Amino acid sequence: MTETIGLGYLIGLTGVVAFGAIVPIVPTGAAVSVAAAFSDWNPLLLLVVIGFGAAGAYLGDIGMYGLLRLAGRPLAERVGWLQEGTASVTLGRLRTRVEEHELPVLLSSRLIPGGRVPVLLAAALGGYSWRRYVIADIGAAVLWSAVYAAIGLLGRSVFPEPWQAAIAAVAIVVIVTLAGSAWNRRRAQRET
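Here it is in structure tokens:
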């Protein structure tokens with residue numbers, strides 16, 4: 005590969021992203037952006053970074069989906085936004101929405117800050133097919149990794165040094181995440 009990114013780094017990237025998919029406070033998008041910034045515009049290395057980032061996202065999503073499926077009904081009864089009606093009616097309605105618009109919902113939920121967890125909850129607790137989720141999440145994980153790699157490359161195109169691009173990529177990811185969270189809060193306030 006290059007002197008900046010080795011196999012150990014890539015395996016670490018996968019681990020960080022997988023862990024961050026289960027513990028959503030870890031800045032997983034920034035990890036992929038930084039790796040892409042250090043790829044030195046090497047197309048093969050960039051594809052490898054996207055692949056390892058996507059693998060981490062996928063493994064984390066599958067792990068989280070499995071944990072939520074195991075938690076089952078008791079968790080559904082504790083989640084506040086599922087209390088709008090009976091939990092089974094609400095979950096059934098949400099599962100139907102996910103099934104009807106499977107790919108757009110899964111793809112967009114991975115890209116919208118804070119959007120992945122509600123979709124995972126609805127799919128897992130609503131009884132969405134395990135097999136369908138495992139297959140559909142592949143595209144979501146790859147798209148997510150490619151978008152954050154593009155953010156890293158954007159930083160690299162503006163700054164001459166990889167470390168500067170890495171800092172810019174982290175800043176962009178933080179700004180996008182904070183803006184998305186603020187938008188979600190504002191939207192939730194308008195709905196109440």
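For what it's worth, our numbering labels the leading residue of the sequence shown as 5, then goes sequentially. Built from N, CA and C at the ideal position, the CB exists for glycine as well. Predicted model only: the values in this text are computed from it and were never measured.
Where Ile9 is concerned, there is no enclosing alpha helix (DSSP H), because DSSP gives it neither an H nor an E. In this structure, Ala35 lies away from Val52, with their beta-carbon atoms at least 8 Å apart. Ile15 carries a helical assignment under DSSP once its states are collapsed to helix, strand and coil. Taken through DSSP and simplified to helix, strand or coil, Tyr152 comes out as helix.
Each residue's CA atom was taken as its position, placing Ala59 and Ala75 some 24 Å apart.
Under a 10 Å Cβ-count criterion, Val162 is classified as exposed, with fewer than 16 other Cβ atoms of the shown protein chains found around its own Cβ. If you draw a straight line from the Cα of Asn46 to the Cα of Gly130, it is about 43 Å long. In this structure, the alpha-carbon of Asp44 lies about 12 Å from that of Ala170. Take Ala145, set aside five residues on each side of it, and the residues of its chain with a beta-carbon closer than 6 Å to its own are Ala58, Ala61 and Tyr62, in chain order. Apart from sequence neighbours up to five positions away, the residues of its chain that approach Ser149 with a beta-carbon distance below 7 Å are Val36, Ile54, Gly57, Ala58 and Ala61, ordered along the chain.
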